[in-house]
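Participant:
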Amino acid sequence: MTDSLTKLAFQTVQQGKNYFAIAHKMVSGQIREWIAPRVEQQTQSLSPQALQKFQKRVDEILERDWQDAEAGVYSTDLLFEGATDTFWWDYPLLCWELPQVWEKANRRSYREFSSQIDTRGYPNYYLQNFHYQIDGYLSDRSAELYDLQVEILFNGLGDTMRRRILAPLKQKTASLAAHLETPRDLRILDVACGTGRTLKGLRSTFPEASLFGVDLSPTYLRKANQLLCAQPGELPQLLQGNAEALPYRDAFFHAVTCVFLFHELPSPVRQNVLNEMFRVLQPGGVVAICDSIQVEDDPDLKPALENFQTLFHEPYYRDYIQDDLPAKLQKAGFTSVSTYSYFMSKYWVAHKKATTMA
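Structure (structure tokens):
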């Protein structure tokens, strides 16, 4: 009875998030048409078949989320935590910022940064106002609003999508953990950790492991530190760094994760990042990547993918949705590459081949 009530509560909360996100998009869309009509941005309607598939994908990912929590992959408490924790503070700020975002989008302005932000030292591809966000990923305000923006974009399923890496990661690292002296000896790195939400999930699944996070944005790392300080267990070690030159020694980690990064990288950089992941991973280690689905996963949803790159400033997305990530993983040296998808996210899990004794 308790599990049934918890599942009902989970479904009710998710349904509320879904309805709110849809309502926000509809109302804000109407307001935008009144005060800042879109300039030559044509979007495609989804077919009835695509809409049915879309809803089926929602149902599937929610059921998998519940099943993983019920199986003990992570605490059921995690199902009720999310970017809505600071909703009453963040949502008014998000709405206040929308007219500026719309104005930037209409001007196709995507490289504007406050004079107070030092952009020196960052790669050119990173100095973008992705999603037409104010100051891209380099301001405290951007870091404060990012998680709520993602939840609204994905109808309340942002964290649900992130958590899909946890079950395969727990399964694949079990044999590695069995040979360690203590659970704390298991080392996991989250590349492009952002505001720390993936690390929060990792802490629930690996309560005693040594967790590490690296990101280019100092403001997002501050936000991550704020979030993770409130969690039980040892605080993950956070570093500012470029995923193309990870600040760790060779073969240091047992697992590496990466969520929502690759669609915002040029193709050659994706390969560089995979090469670095391979370098810092121990033989026998596992990498788990989450990002957007691609055209090959469901051609009926291609209009939704093309709408995304039309409505948001995502300069590398068109190439990403056609990219062959398994080939890039294999080129980096990974083996046993497996892929699967849930809702609008796709996952790659691969291994660094274990060394054999002569």
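Using this note's numbering, read the sequence shown as starting at 11 and increasing by one per residue. Every residue, glycine too, gets a C-beta built ideally from N, C-alpha and C. Because the structure is a prediction, the values reported are computed rather than measured.
Among TYR330, GLY295 and ALA253, which has the Cα closest to the Cα of VAL347?
Facilitator: GLY295
Participant: For ASN375, which residues from the same chain have a beta carbon less than 8 Å from its beta carbon, with the 5 sequence-adjacent residues on both sides left out?
Facilitator: Absent from the structure is residue 375, since the part of the chain shown begins at 11 and ends at 368.
Participant: Around the Cβ of ARG194, are there at least 16 other Cβ atoms within 10 angstroms (buried) or fewer (exposed)?
Facilitator: exposed
Participant: When DSSP labels each residue in this structure, what does VAL49 get in the three-state scheme?
Facilitator: coil
Participant: Mark HIS454 as exposed unless 16 or more other C-beta atoms lie within 10 angstroms of its C-beta, in which case mark it buried.
Facilitator: Because the chain spans 11 through 368 in this model, residue 454 falls outside it and cannot be assessed.
Participant: Roughly how many whole angstroms lie between the Cα atoms of ILE127 and LYS363?
Facilitator: 42 Å
Participant: Per DSSP, which one or two residues make a beta bridge with GLN247?
Facilitator: PHE222
Participant: Please name the residue in LEU335, GLU324 and VAL297 whose C-alpha comes closest to that of ASP307.
Facilitator: LEU335
Participant: Among residues of its own chain, excluding the 5 on either side of ALA46, which ones have a beta-carbon nearer than 7 Å to its beta-carbon?
Facilitator: So the list reads PRO109, TRP112, GLU113 and ASN116, once near-sequence residues are dropped.
Participant: Shortest alpha-carbon distance to GLU80 belongs to which of THR215, ILE198, LEU221 and ASP150?
Facilitator: THR215
Participant: Spatial neighbours of LYS338 within its chain, please: C-beta separation below 7 Å, excluding the five flanking residues on both sides.
Facilitator: ARG280, GLN281 and LEU284
Participant: Using the C-alpha atoms, what's the distance from ARG130 back to THR86?
Facilitator: 43 Å
Participant: Taking the beta strand (DSSP E) that PRO293 falls in, what are its first and last residues?
Facilitator: Per DSSP, the unbroken beta strand (DSSP E) holding PRO293 starts and ends at 291 to 302.
Participant: Could you give the DSSP three-state label for HIS323: helix, strand or coil?
Facilitator: coil
Participant: Any idea which residues DSSP pairs ARG197 with across the strands?
Facilitator: SER220
Participant: Can you tell me which of LEU179, GLU43, GLU218 and PHE353 puts its alpha carbon nearest to the alpha carbon of GLN62?
Facilitator: Nearest option by C-alpha distance: PHE353.
Participant: Do the CB positions of PRO293 and THR365 come within less than 8 Å of each other?
Facilitator: yes
Participant: On the DSSP bridge list, what partners appear for LYS363?
Facilitator: As far as DSSP is concerned, LYS363 takes part in no beta bridge.
Participant: Which complete alpha helix (DSSP H) runs does the stretch 61 to 127 hold, if anything under 4 residues is left out?
Facilitator: 97 to 117
Participant: Quick check on DSSP: helix, strand or coil for ALA202?
Facilitator: coil
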